[in-house]
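Student: Which chain is which? The protein sequence lines are A and B, in order. Under this note's numbering, the residues of the first sequence are numbered 5 to 140, in order. Under this note's numbering, the residues of the second sequence are numbered 255 to 455, in order. Positions of the beta carbon are idealized from the N, C-alpha and C atoms, including for glycine.
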Amino acid sequence: GFYPNSSVVPPELIRNATGNLWNSFLNFTGCHAGNKYDGLYKLKQYFQHFGYIPETFSGNFTDDFDDILKNAVEMYQRNFRLNVTGVLDELTLKQVVIPRCGNPDVVNGTSTMHSGRRTYEVSFSGGGQRFHAVKR
Amino acid sequence: YSFFPGEPRWPRHRRDLTYAFNPRNMLTEEVKTVFSRAFARWAEVTPLTFTRVESFSNSDIFIGFYSGEHGDGEPFDGPMRTLAHAFSPPTGHFHLDREENWIISGEGGDGVISVPEAVDLESVAVHEIGHLLGLGHSSVEGSIMYPTIMTGKRKVDLTTDDVEGVQYLYGENPNFNGSISPPSPSTQQRDTGESGDASRI
Numbered sequence: 005g006f007y008p009n010s011s012v013v014p015p016e017l018i019r020n021a022t023g024n025l026w027n028s029f030l031n032f033t034g035c036h037a038g039n040k041y042d043g044l045y046k047l048k049q050y051f052q053h054f055g056y057i058p059e060t061f062s063g064n065f066t067d068d069f070d071d072i073l074k075n076a077v078e079m080y081q082r083n084f085r086l087n088v089t090g091v092l093d094e095l096t097l098k099q100v101v102i103p104r105c106g107n108p109d110v111v112n113g114t115s116t117m118h119s120g121r122r123t124y125e126v127s128f129s130g131g132g133q134r135f136h137a138v139k140r
Numbered sequence: 255y256s257f258f259p260g261e262p263r264w265p266r267h268r269r270d271l272t273y274a275f276n277p278r279n280m281l282t283e284e285v286k287t288v289f290s291r292a293f294a295r296w297a298e299v300t301p302l303t304f305t306r307v308e309s310f311s312n313s314d315i316f317i318g319f320y321s322g323e324h325g326d327g328e329p330f331d332g333p334m335r336t337l338a339h340a341f342s343p344p345t346g347h348f349h350l351d352r353e354e355n356w357i358i359s360g361e362g363g364d365g366v367i368s369v370p371e372a373v374d375l376e377s378v379a380v381h382e383i384g385h386l387l388g389l390g391h392s393s394v395e396g397s398i399m400y401p402t403i404m405t406g407k408r409k410v411d412l413t414t415d416d417v418e419g420v421q422y423l424y425g426e427n428p429n430f431n432g433s434i435s436p437p438s439p440s441t442q443q444r445d446t447g448e449s450g451d452a453s454r455i
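(1) Taking Cβ positions only, does B/Thr336 come closer than 8 Å to chain A?
(2) Counting only runs of 3+ residues fully inside the stretch 301-376 of chain B, write out the beta strand (DSSP E) ranges in chain order.
(3) Any beta-carbon of chain B closer than 8 Å to the one on A/Met117?
(4) Can you give me the C-alpha to C-alpha distance between A/Asn107 and B/Ala372, rounded to a whole angstrom?
(5) Taking Cβ positions, are B/Leu281 and B/Ile315 nearer each other than 8 Å?
(6) For A/Ala37, which option in A/Gly113, A/Thr116, A/Thr96 and A/Ile72 has the closest C-alpha, if you only look at C-alpha atoms?
(7) Let me know if B/Leu355 comes out buried or exposed under the rule of 16 or more other beta-carbons within 10 Å of its beta-carbon.
(8) Please classify A/Phe61 as buried or exposed, where buried requires at least 16 other C-beta atoms within 10 Å of its C-beta.
(9) Could you tell me how far apart the beta carbons of A/Val100 and A/Tyr50 are, in whole angstroms, since I believe they sit closer than 8 Å?
(10) Answer with yes or no whether the minimum CB distance from B/Pro265 to chain A is below 8 Å.
(11) Just checking my contact of B/Met399 with A/Asn24 at CB under 8 Å: how many whole Å lie between their CB atoms?
(12) Is A/Gly5 buried or exposed, if buried means 16 or more other CB atoms sit within 10 Å of its CB?
(13) Sort out for me which residues DSSP pairs B/Pro457 with in a bridge.
(14) Using 8 Å as the threshold, is the C-beta distance between A/Thr33 and A/Leu97 below it?
(15) Given a threshold of 16 other Cβ atoms within 10 Å of its Cβ, counted over all protein chains shown, does A/Ser127 qualify as buried or as exposed?
(16) From this set, B/Thr402, B/Leu389, B/Asp411 and B/Phe430, which residue's C-alpha is nearest B/Arg255's C-alpha?
(17) Around the C-beta of B/Ser397, are 16 or more other C-beta atoms found within 10 angstroms, so that it is buried, or is it exposed?
(18) When the Cα atoms are used, what is the spatial distance from B/Leu412 to B/Ser290?
(19) Within 10 angstroms of the Cβ of B/Pro370, are there 16 or more other Cβ atoms? Answer buried if so, exposed if not.
(20) Based on Cα-Cα distance, which residue from B/Gly419, B/Ser392, B/Tyr424 and B/Leu423 lies nearest to A/Phe84?
(21) Anything in the stretch 75-94 of chain A with a Cβ closer than 9 Å to a Cβ of chain B? List those residues in chain order, please.
(22) Rounded to whole angstroms, what's the CA-CA distance from B/Ser215 to B/Glu298? Just pull it up for me.
(23) Closer than 9 Å by beta-carbon distance: list the chain B residues that pair up with A/Gln99, in chain order.
(24) Measure from the alpha carbon of A/Met79 to the alpha carbon of each residue in A/Thr116, A/Arg104, A/Asn39 and A/Asn31, then state which is nearest.
(25) For B/Thr339, count neighbouring C-beta atoms within 10 Å of its own C-beta (all shown protein chains included) and say buried if the count is 16 or more, exposed if not.
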């Protein structure tokens, strides 16, 4: 529904933000590679949805905290400027559960978010003088 | 800032864009006005124009609210979590999750909204329009194109990061004389990122 800012959303319609499925991911706080955790496959589905795990890994994910998940966690932490540890620490999971845009952060395996200060090498070849410019 | 692969953008001969709402949503004028405000923010800094039309089948941009699976293979997931998604140019599809509690906040810039479990509609609209124009997600936390939005927050002002990205694709608005105000301390703290301090327009 749509509600003016000053109004109060009818309590029966407030869908409690703490009740959404992603909040169950907070239970994985402290989990790290090499172990197995019940339900971890759902977090792998989350990371795949936003491009951190390639679609080529479609099919049933396991609950193992494997390298596929570790790599996804590290890329996510890089994108969101968190400590890149590969561990599901509290700050990482608190970021994961925030509502977000459905568009992926990583497309075709290339993380565009962390382009940050991406440099472009542009060279104008041809008849005239050869220019070589770097755009930051 | 970042782009979709191949840096797609609206072609030169299609810079005066039209947008329409799915008639099945039967949206009120109040809701539609939120989107025209969001479009105006991008129009201010680019040569693009956005005009609302009634014909959903002939417009450049198609806006609709949908629940669950809605035909594009990217089902929505109910309250919170995924809020909306939009497609790269020149596709023009802009889908929002109709199961969210959307707050239609008033005019004005960034701020907070009264209901923490709800989502500010204009904030999401400004972000998704960035995708419709060809922007990907940004890692600058204060920018509009940052992927997440805290509930209870209103974030509608374009930052330097957003403007640099969209002007890389389309150039500047020849009539834009906006100044980039130095960020307030809280904004500066929030916006500081790799590409330097983003400022709000």
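Tutor: Reading off the structure:
(1) Answer yes: the Cβ-Cβ gap between B/Thr336 and chain A drops below 8 Å somewhere.
(2) Qualifying beta strand (DSSP E) stretches, in chain order: 303-306, 315-320, 336-340, 347-351 and 356-358.
(3) So, interface residue.
(4) Linking A/Asn107 to B/Ala372 through their CA atoms gives a straight-line distance of about 20 Å.
(5) Remark: C-beta atoms of B/Leu281 and B/Ile315 do not approach each other more closely than 8 Å.
(6) Out of A/Gly113, A/Thr116, A/Thr96 and A/Ile72, A/Ile72 has the C-alpha closest to the C-alpha of A/Ala37.
(7) The sequence given here places Asn at residue 355 of chain B; Leu does not occur at that position. Burial call: buried.
(8) Around the beta-carbon of A/Phe61, fewer than 16 other beta-carbon atoms lie within 10 Å, marking it exposed.
(9) That pair is a contact at about 7 Å.
(10) Not a single CB atom of chain A sits nearer than 8 Å to the CB of B/Pro265.
(11) With 8 Å as the limit, B/Met399 and A/Asn24 do not qualify as a contact, their Cβ atoms being about 23 Å apart.
(12) Its Cβ having fewer than 16 others within 10 Å, A/Gly5 is exposed.
(13) Chain B is shown only over 255 to 455; residue 457 of chain B falls outside these bounds and no answer can be derived.
(14) The Cβ atoms of A/Thr33 and A/Leu97 sit closer than 8 Å to each other.
(15) Note on A/Ser127: pLDDT 39, under 50, position unreliable in the model; the coordinate value appears next. Exposed: under 16 other Cβ atoms inside 10 Å.
(16) According to the sequence displayed, residue 255 of chain B carries Tyr and not Arg. Ranking B/Thr402, B/Leu389, B/Asp411 and B/Phe430 by CA distance to the CA of B/Tyr255 puts B/Leu389 first.
(17) The residue is buried, with at least 16 neighbouring Cβ atoms inside 10 Å.
(18) Rounded to the nearest angstrom, the two C-alpha atoms are 15 Å apart.
(19) With fewer than 16 other beta carbons inside 10 angstroms of its own, B/Pro370 counts as exposed.
(20) That would be B/Ser392, whose Cα lies nearest to the Cα of A/Phe84.
(21) Within the stretch 75-94 of chain A, the qualifying residues are Arg82, Asn83, Phe84 and Arg85.
(22) The first residue shown for chain B is 255 and the last is 455, placing residue 215 of chain B beyond what the model contains.
(23) What A/Gln99 touches in chain B: Thr402.
(24) Here the closest residue by C-alpha is A/Thr116.
(25) According to the sequence displayed, residue 339 of chain B carries His and not Thr. A residue is called buried once 16 or more other Cβ atoms fall within 10 Å of its Cβ, and B/His339 is buried on that count.
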